[in-house]
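Listed below in structure tokens is the structure:
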């Protein structure tokens, strides 16, 4: 367990340092989880406390990039919530491919690639991988390198495989690994993600890509406070095309946000929303 | 006066949770926070099972849901459940702790940081050591700590780990836990 606990004042100091030095604003991140991320970063980097973290953050771009990688929790699972992936495969993805040429799919959530790999596998299984444009957001260059490496921690295979089976996919989970699933990290077939475009974001998604048909933004707003949830979801709303879709995590909601009246609920259990026309 | 009760349990705790829920009145004066180990991929059914005999409404909260008295908040499958300043639930998909998501430790630590001496923490039967460190935080920050008597647990590991780490206020049988909660804030 964590031997060091960061206080609220120290957390605010870290946030201010980052804003002043790099222009990234974490001021409206949800406090409890953000504090835990900072504690983890302090611990794993062998720092003593918040002051040590601040000293390291100042004038060290390389460290800051690694900070950006660690400040957002990893998704840790492929095909999380299998009913959603079945719905995407059987309904949403075929529809958006039918209704437009090379529709843009945006993975807004910042994670370690699991959502992207799951999406690409799903698309490949319905022969639609080359019929869409996939954009994947990132905060940290290190994360992009990691995602492009296509390495999956072998400890995650069991959960990933179980999820994949619940999706009723047409292959076996193991079929997607170039070198099998033996000891050591396994590599997902890199061809799956070769046409993905990576788009840099800041901490508050100030500049999302436009003309989006489907935005996957699951389990990202849980790391924001309600003010930032409102702002970011409204920004997403603006870039999603009429008739396009927004998918949130199953415990996230548009209810009580200003973006709510722009959408209808397509699937309440899987939190799939559809942007109204006009 | 206490502000919240948090209960952690795993293998062997289900019947006791049912008993606690069925013994408390609908106007129970505090929120009950429940962090129980459960299958990651089974999203539904648990609330329904717990609700059958409960007068208290049981909720699997959405993120940032306001915490209210007289309700039980069950940590959702495959999320950690934190207590956030402002008396709200905050969820997280960060890595498992003690092989668990939800992790009892994380719910207890964050509840202790918010409610401090106004928190009652209860550890029930279970098969791993999750919750032991969390209960220590409840104790360190001035809250009341209760552990189910290991001799009455179906699986003792969790309660014994908690007792090893913390000098708790009460080691109770299920009947005594129910009695304590029925008299709380009276």
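Residue numbers (our numbering), protein chains in the order written: chain A, 7 to 284; chain B, 131 to 316.
The beta-carbon is built from N, C-alpha and C at its ideal position, and this holds for glycine as well.
Alpha carbons only, please: which of the options is nearest the one belonging to residue i?
i: residue 214(B); options: 238(A), 73(A), 257(A) and 228(A); result: 228(A)
i: residue 193(A); options: 156(A), 130(A) and 164(A); result: 156(A)
i: residue 122(A); options: 103(A), 158(A) and 39(A); result: 158(A)
i: residue 200(B); options: 142(B), 294(B), 177(B) and 160(B); result: 160(B)
i: residue 272(A); options: 280(A), 265(A) and 266(A); result: 280(A)
i: residue 59(A); options: 19(A), 284(A), 162(A) and 153(A); result: 19(A)
i: residue 247(B); options: 299(B), 184(B), 185(B) and 219(B); result: 299(B)
i: residue 173(A); options: 267(A), 213(A) and 85(A); result: 85(A)
i: residue 140(B); options: 167(B), 157(B) and 150(B); result: 167(B)
i: residue 255(A); options: 16(A), 182(A), 224(A) and 130(A); result: 224(A)
i: residue 259(B); options: 218(B), 294(B), 309(B) and 135(B); result: 294(B)
i: residue 150(A); options: 206(A), 182(A) and 45(A); result: 206(A)
i: residue 231(B); options: 91(A), 83(A), 112(A) and 127(A); result: 83(A)
i: residue 137(A); options: 107(A), 153(A) and 113(A); result: 107(A)
i: residue 71(A); options: 113(A), 140(A), 152(A) and 201(A); result: 152(A)
i: residue 139(A); options: 219(A), 63(A) and 257(A); result: 219(A)
i: residue 253(B); options: 315(B), 197(B) and 267(B); result: 267(B)
i: residue 188(B); options: 216(B), 286(B) and 158(B); result: 158(B)
i: residue 25(A); options: 53(A), 274(A), 181(A) and 210(A); result: 210(A)
i: residue 208(A); options: 284(A), 80(A), 31(A) and 179(A); result: 31(A)
i: residue 223(B); options: 103(A), 120(A) and 89(A); result: 120(A)
Residue j and residue i - do their beta-carbons sit closer together than 8 Å?
i: residue 252(A); j: residue 269(A); result: yes
i: residue 303(B); j: residue 284(B); result: no
i: residue 312(B); j: residue 153(B); result: yes
i: residue 234(A); j: residue 28(A); result: no
i: residue 241(B); j: residue 288(B); result: no
i: residue 74(A); j: residue 146(A); result: yes
i: residue 381(B); j: residue 227(B); result: Nothing can be reported for residue 381(B): it is not among the residues displayed for chain B, which extend from 131 to 316.
i: residue 115(A); j: residue 171(B); result: no
i: residue 288(A); j: residue 236(A); result: Residue 288(A) is absent from the model: chain A starts at 7 and stops at 284.
i: residue 133(B); j: residue 249(B); result: yes
i: residue 169(B); j: residue 147(B); result: no
i: residue 42(A); j: residue 77(A); result: no
i: residue 182(B); j: residue 202(B); result: no
i: residue 144(B); j: residue 39(A); result: no
i: residue 48(A); j: residue 99(A); result: no
i: residue 217(A); j: residue 110(A); result: yes
i: residue 241(A); j: residue 215(A); result: no
i: residue 237(B); j: residue 136(B); result: yes
i: residue 283(A); j: residue 250(A); result: no
i: residue 125(A); j: residue 222(A); result: yes
i: residue 308(B); j: residue 150(B); result: yes
i: residue 33(A); j: residue 21(A); result: yes
Give a yes or no on whether 8 Å exceeds the smallest Cβ distance from residue i to chain A.
i: residue 212(B); result: yes
i: residue 192(B); result: yes
i: residue 203(B); result: no
i: residue 296(B); result: no
i: residue 199(B); result: no
i: residue 209(B); result: yes
i: residue 275(B); result: no
i: residue 240(B); result: yes
i: residue 304(B); result: no
i: residue 187(B); result: no
i: residue 206(B); result: yes
Nearest chain B C-beta to residue i closer than 8 Å, yes or no?
i: residue 228(A); result: yes
i: residue 61(A); result: no
i: residue 7(A); result: Its pLDDT being 47, under 50, residue 7(A) is placed unreliably in this model, and the coordinates cannot settle the point.
i: residue 57(A); result: no
i: residue 39(A); result: yes
i: residue 130(A); result: no
i: residue 283(A); result: no
For residue i, return the contacting residues in chain C, with the cut-off set at a CB-CB distance below 7 Å.
i: residue 36(A); result: Among the protein chains of the structure shown, namely A and B, there is no chain C.
Quick check on the burial criterion: 16 or more other C-beta atoms within 10 angstroms. Buried or exposed for residue i?
i: residue 155(B); result: exposed
i: residue 95(A); result: buried
i: residue 210(B); result: buried
i: residue 57(A); result: exposed
i: residue 105(A); result: exposed
i: residue 181(A); result: exposed
Could you name the residues of the segment 238 to 258 of chain A whose beta carbon sits closer than 8 Å to any beta carbon of chain B, in the order they occur along the chain? 255, 256, 257 and 258
Residues in the segment 222 to 237 of chain B having any Cβ partner in chain A nearer than 9 Å: 222, 223, 224, 225, 226, 227, 231, 235 and 236
Closer than 9 Å between beta carbons: that is the criterion. Which residues of the segment 153 to 173 of chain A meet it against chain B? 165, 168, 169 and 172
Selection of the segment 162 to 177 of chain B by Cβ proximity to chain A, strictly under 8 Å: 170, 171 and 173
Going along the segment 136 to 164 of chain B in order, which residues come within less than 7 Å of chain A, judged by CB to CB distance? none
Taking beta-carbon pairs under 7 Å, can you tell me which members of the segment 203 to 225 of chain A lie near chain B? 225
Listed in chain order, which residues of the segment 132 to 153 of chain A have Cβ atoms closer than 8 Å to some Cβ of chain B? none
Below 8 Å between beta carbons is the criterion; list the residues of the segment 68 to 81 of chain A that meet it against any residue of chain B, in chain order. 79, 80 and 81
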